[in-house]
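Novice:
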Amino acid sequence: MTHLVERGPTTDRFAGRHIADVMARVEAKNPGEPEFHQAVREVFRSLEPVLVRQPRYVEQRILERLVEPDRVISFGVNWVDDQGEIHVNRGYRVQMSSSIGPYKGGLRFHPSVNQGLLKFLAFEQTIKDSLTTLPMGGAKGGSDFDPKGRTESEIRRFCQSFMTELYPYIGEFTDVPAGDIGVGEREIGYLFGQYKRIAKRFVGSLTGKGIKWGGSAIRQEATGYGVVYFARDMLATRGDDLEGKTCLVSGSGNVAQFTVKKLLDMGACPVTLSDSDGFVHDAGGIDREKLEWVMELKQNRRGRIREYADRFPGVIYVPRAPGADNPLWSVPADCAFPGATQNEISARDAKHLVAGGVGLVAEGANMPTVPEAVDLFVESGVLYAPSKAANAGGVAVSGLEMAQNMQLTQWTPQEVDRRLQEIIQHIHDTVCRTAEEYGRPGDYVTGANVAGFVKVADAMLDESPI
Ligand code: NDP
Ligand code: 2IT
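Start counting at 1 in the sequence shown, then tack on 24, and there's your number in the numbering used here.
1. CB-CB under 8 angstroms to V46, same chain, minus the five flanking residues each way: which ones, in chain order?
2. What residue range is occupied by the uninterrupted alpha helix (DSSP H) comprising D45?
3. On a CA-only basis, which of A146, A48 and D170 is nearest H134? Give me that one, please.
4. At the level of alpha carbons, what is the spacing between V251 and I369?
5. Contact between the region 223-232 and the region 420-439: three or more CB pairs below 8 angstroms?
6. On the DSSP letters alone, give me the boundaries of the alpha helix (DSSP H) that A241 sits inside.
7. What span of residues does the alpha helix (DSSP H) with D120 cover, start to end?
8. Report the three-state DSSP secondary structure of A386 (helix, strand or coil).
9. List the residues that DSSP assigns as beta-bridge partners of I340.
10. CA-CA distance, V415 and I110?
11. Between N473 and the ligand 2IT, is the CB less than 7 angstroms from at least one heavy atom?
12. Under the rule that 16 or more other beta-carbon atoms within 10 Å means buried, what is E320, buried or exposed?
13. Which residues does DSSP list as the beta-bridge partners of Y127?
14. Taking the Cβ atom as the reference point for each residue, do G363 and V273 lie within a distance shorter than 8 angstroms?
15. Can you tell me the Cα-Cα spacing of A386 and Q218, whole angstroms?
16. Drop a sphere of 10 angstroms on the beta-carbon of D486, count the other beta-carbons inside from all chains shown, and report buried for 16 or more, exposed for fewer.
17. Whole angstroms are fine: how far does the CA of G166 sit from the CA of N102?
18. Contact between the region 395-411 and the region 371-379 is defined here as three or more beta-carbon pairs at a separation below 8 angstroms; is this criterion met?
19. Would you say the region 116-131 touches the region 145-162, given that touching needs at least three Cβ pairs under 8 angstroms?
20. Using the DSSP secondary-structure output, state which residues sit across from D299 in a beta bridge.
21. Exposed or buried, what is L190 when buried is set at 16 or more other beta-carbons lying within 10 Å of its beta-carbon?
22. Label A345 either buried or exposed according to how many other C-beta atoms from any shown protein chain fall within 10 Å of its C-beta, with 16 as the threshold for buried.
23. Could you have a look at I369 and say whether DSSP puts it in helix, strand or coil?
24. What residue range does the alpha helix (DSSP H) around A409 cover?
25. With DSSP collapsed to three states, give me the class of L230.
26. Going by DSSP, what residues sit across from S167 in a beta bridge?
27. Rounded to whole angstroms, what is the Cα-Cα separation between P497 and A333?
28. Applying the 10 Å Cβ sphere with the 16-neighbour rule, what's the burial state of F226?
29. Which partner residues does V552 have in the DSSP bridge list?
30. So V273 is in the alpha helix (DSSP H); what residue range does that whole segment cover?
31. Taking the alpha-carbon positions, what's the T156 to E51 distance?
32. Can you give me the start and stop residues for the alpha helix (DSSP H) that A472 sits inside?
33. Give every residue of the same chain whose Cβ lies closer than 6 angstroms to the Cβ of M290, excluding the five residues on either side of it in the sequence, and list them in chain order.
34. Contact check, K152 vs V419 under 8 angstroms by CB: the rounded distance?
35. According to DSSP, is D204 helix, strand or coil?
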């Protein structure tokens, strides 16, 4: 296939055309999957100079192979509610790439889940897992099941039924799911219990397990902590730190809660939290006591963030108006930590953020920023960390959980936290170095896409050159 590569001065143009061709095929072959197209386009746009330097990626059709999941598993999940009524949901596991390790990535339970959404998340996960330095491939799964308003026993029955269907496809060396939206330690417990019931083995087939039953210290905290460590490392490149910085945080789930906790450790002042109904602005700052209250509200009572404004004086609650700008991003601040969901920062939101003084955006959620908004951040000189780099701490500690399970051991929280900080620092430095190598110093988007991609691509070449 060497004829695919034109050498000499046309190479740049050729690489660009190759990327455009593959992208057009991705769109044609995967209709109705806009988030998947968006995620692939976001990575591809960084790759032109990579293909120029390494024409074998073109010859060996690495881009085409990378965007085709190894396997998409889809199954019905039947379960019975407390009234005895039968419900049918759809479950999935998208096994994207096992080039550098067993498939690895979370499970999302949310009514918006469909195959295209999970393909976007599995694709992102492949590049992210590559950045962690640990041997993990990329996958994502979940269901359109809506846990909101469901009782404990309904959630348990759903999880058991989901695992009964997923069971044949996972295992400690095959595919190791974890949590994501709607799946936390409680759900992982029910899923793991059912796995063991079928397998008759206690192995690390899931991560995010409880500390008393094979989990790792700091896994629950890891994504939020990691995002803040990444922000700290970015600010350090400008001789700055988080002390006294006003910070916007969106979401109020696992990632948002531990982002706030680590921001407080670093002397920053988080002032917002949200859920899908609206957001709260606490200009005085969300302190440790209030955060404890939020954790109790969200983890135990499954309450709504609106209640924060009823509980604490001087707090403003703004309900969400669908289709409109998200007013959370118009609150003046120094830093922003989106931690809810994809595409939650529109181009207009980004303008408000920049106008409001934001100089750093570190993404806890996966792909929370639309492409035009990313461009605006990069052009405006905002320190912008894309999710595949900034939120990799979660899956990195999942990797450490797998390592501990294999060794039948459990490290101290101090040890895991030390390793987490080391991994984040390593990702940060690799991303910066790669951006510089490709003539885009300070561009974390190019750095993350290229560094993550190249490791996977090289593994693909080593394992099966044509
Ligand atoms: P949780 O389920 O714990 O919390 C999700 C939060 O986001 C809730 O506050 C939820 O509000 C809000 N949210 C979810 N969907 C929407 C929506 N469509 N519009 C507005 N708000 C929404 O999930 P996590 O905190 O674990 O995940 C948050 C993000 O972080 C996701 O993008 C996830 O992929 C990403 N992530 C998670 C990791 C992890 O280890 N858990 C690792 C890396 C990334 P509501 O209660 O109203 O639904
Ligand atoms: O998006 C993510 O990185 C996760 N939801 C965590 C995946 C994992 O396997 O820990």
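Ideal Cβ placement from N, Cα and C applies to all residues, glycine included.
For clarity, every value in this text was computed on a predicted model and none was experimentally measured.
Specialist: Here's the rundown:
1. F68, L87, E88 and V91
2. T35 to K53
3. D170
4. 17 angstroms
5. yes
6. Segment: none, A241 is in no alpha helix (DSSP H) and carries neither H nor E.
7. One point to set straight first is that residue 120 is Met, not Asp, in the sequence displayed. M120 -> not in any alpha helix (DSSP H); beta strand (DSSP E) instead, spanning I110 to S121.
8. strand
9. H305
10. Note on identity: in this sequence residue 415 is Asn, with Val being the wrong assignment. Going from the Cα of N415 to the Cα of I110 covers about 37 angstroms.
11. no
12. exposed
13. D199
14. yes
15. 36 angstroms
16. exposed
17. 14 angstroms
18. yes
19. yes
20. G302
21. buried
22. exposed
23. strand
24. Counting along the chain, A409 falls outside any alpha helix (DSSP H), though it belongs to the beta strand (DSSP E) covering L407 to A409.
25. coil
26. G115 and F133
27. Nothing about residue 497 can be read from this structure; the chain reaches only from 25 to 490.
28. exposed
29. For the chain, the structure presents residues 25 to 490; residue 552 sits outside this window and is missing.
30. Here V273 belongs to no alpha helix (DSSP H); instead the beta strand (DSSP E) covers T270 to V273.
31. 29 angstroms
32. Y468 to E487
33. L266
34. 6 angstroms
35. strand
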